[in-house]
Structure formats: C-alpha cells, structure tokens
Amino acid sequence: MKLYDLVLSGNCYKVRLFASFIDTPLTIVPVDFMNGEHKTEAILKLNPWGEIPILEDGSVILRDSQAILVYLANKYGGEAWWPSEAHLQADVMQWLSVASNEIQHGPNVARLIKKFGLESDWEQASERSHSILTLIDNHLGSHHWLAASRPTIADCAVYPYISTAHEGDIDIDSYRNIQVWMNRLQQLPNYISMPGN
Ligand SMILES: N[C@@H](CCC(=O)N[C@@H](CS)C(=O)NCC(=O)O)C(=O)O
C-alpha cells in the first residue's frame, strides 16, 4: 500500500500515525511538494485536486486524509478504531468534520502562514483556532477521548494540527484538558511523532 506523502504535512501525518497504531505497513512515496510535484500530470492522474495525501491500495486510490482514515480503519483497523454502531460512527464522523473544517481553517492555516509563508489573515486563523480549541478543551473535560469513549480515528484526525499549533504561534499551554489528551494519545502503543510535535 502506497502513501504519497510529505513529511511536514499534518494531513499526511494523520495517515502515517494511524497506520502505525494499527501496525499496517505503508510504502512511503515522498512528493516533492516545494517544487510543485503535487501539480504534475502523474499526481493529478491519481488526485485531480492536486493534493496529498493520496493512498493507493491495489486498484483503490483515495484522496483526503479523513476518507483514508475511514478506509484504513474499516479494512485493516477493526472495530476498535471505527465502531460499527450507527451512533458511534456518527460520533466519530462529527470529529472528522471538525478536522477538515474548524481545525483546517484555524491551527492549520495559522501554521501555513507562520511556517510556510502563506499570505492569509493570521488574526482570523488565531481567532478560529481559539474558538475550536476552547470547544475541544471543554469536551475533553469530561471525556478521555474525542469519540466513542476510546481512541478512534477521530483522535488521529484532530491531533496533528493541534500538536503543531505552536508552529503557527497558537499557544495551547492553557488548554489543560487538551494537554492531558495529547499526552494520553502519545502513550498509545506504536505512537509516532512528526517534525514539530
Ligand atoms: N482535505 C484534504 C486536504 C489535503 C491538503 O490540503 N493537502 C495539502 C498538503 S497538507 C496539499 O496538498 N495542498 C496543495 C494545494 O492545496 O494545492 C485532506 O484532508 O487530505
């Protein structure tokens, strides 16, 4: 199974992290992002969006880190990471949406601005970050894990851009429940880090 990957991408890291948790080997195909390889014909053939990560598992080709987590969990991860009950699946899905919306437009954009020079509105990204971080911190005040009372792909999707938020000058030290949750996730067997977290 191939992962078209960029080591500094939190979206790619979501996939590497989860694959490690479930002990599923990935063949990493580094994409030369800085030189625009993700917009070349070869990559656009795999993903017309011109984005990574991309997962290739035989004839299955998938884009979007959340979708890839769902696929891997369903196919290789078992019940633990992707519950079969409807209400628990929906619980996990709520957090996958948070990862691709509030986290994307908050801490992810703040990091793109400060670390990679994206021209965008840092104040707005900061405001959005603290708004979602407050909600998550409140939630974690009474939950050990984001969804389904156990570690799931919800945690894998939300963790990367929170654990690297400081690279976007978003200070998360005061979010005590988030700190405890991050620490809990880091203690799981087969945890791997990415540069910056
Ligand atoms: N929704 C996608 C977003 C993927 C994404 O934005 N990837 C970035 C790298 S982290 C990218 O390839 N950006 C290229 C571009 O937007 O042109 C996911 O969750 O995987």
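Heads up, the final residue of the sequence shown is numbered 199 in the numbering used here, and it's a clean run with no missing numbers.
Think of the CB as a built atom: it goes at the ideal place given N, C-alpha and C, for glycine as much as any other residue.
Predicted, not measured: the structure shown is a model, and the values here were computed from it.
Kindly list the residues whose CB is nearer than 7 Å to the CB of Ile-172, restricted to its own chain and excluding five residues on each side of it in sequence; keep chain order. Within the sequence shown, residue 172 is the residue found at index 170, counting from 1. Answer for Ile-172: Pro-109, Ala-112, Ser-128 and Ser-131, listed in chain order.
Cβ pair count under 8 Å reaching 3, the region 95 to 109 against the region 133 to 140: yes
To which residues does DSSP link Arg-65 through a beta bridge? Residue 65 sits at position 63 when you count from the first residue of the sequence shown. In the DSSP output, where bridge partners are listed per residue, Arg-65 has Ile-56.
Is any heavy atom in ligand 1 found nearer than 7 Å to the beta carbon of Asn-13? Within the sequence shown, the letter at position 11 stands for residue 13. Yes, since a heavy atom of ligand 1 falls inside the 7 Å radius drawn around the Cβ of Asn-13.
Residue(s) in a DSSP beta bridge with Val-31: Working through the sequence shown from its first residue, we reach residue 31 at position 29. According to DSSP, which records beta bridges pairwise, Val-31 is partnered with Tyr-6.
Does the count of Cβ pairs from the region 79 to 89 and the region 33 to 45 closer than 8 Å reach three? no
For the structure I just gave you, are there three or more beta carbon pairs, one from the region 146 to 160 and one from the region 114 to 127, closer than 8 Å? no
Could you tell me if the beta carbon of Ile-54 falls within a distance shorter than 7 Å of some heavy atom in ligand 1? To locate residue 54, count along the sequence shown from 1; it is residue 52. Checking every heavy atom of ligand 1 against the Cβ of Ile-54, one is found closer than 7 Å.
Taking the straight line between their C-alpha atoms, what separation do you get for Thr-166 and Pro-191? Looking up residue 166 in the sequence shown gives position 164. Looking up residue 191 in the sequence shown gives position 189. Each residue's Cα considered, the two are about 21 Å apart.
Looking only at C-alpha atoms, which of Trp-51, Pro-162, Leu-28 and Gln-126 sits nearest to Leu-57? Locating residue 57 in the sequence shown gives position 55, counting from the first residue. Looking from the CA of Leu-57, the closest CA among Trp-51, Pro-162, Leu-28 and Gln-126 belongs to Leu-28.
Could you pull the start and end residues of the alpha helix (DSSP H) that Ile-180 belongs to? To locate residue 180, count along the sequence shown from 1; it is residue 178. Taken as a continuous stretch (DSSP letters only), the alpha helix (DSSP H) holding Ile-180 covers 178 to 188.
Excluding the five sequence neighbours on either side, which residues of its own chain have a C-beta within less than 7 Å of the C-beta of Ala-150, listed in chain order? The residue labelled residue 150 in the question sits at position 148 within the sequence shown. So the qualifying residues of the chain are Pro-85, Leu-90, Asp-93 and Val-94.
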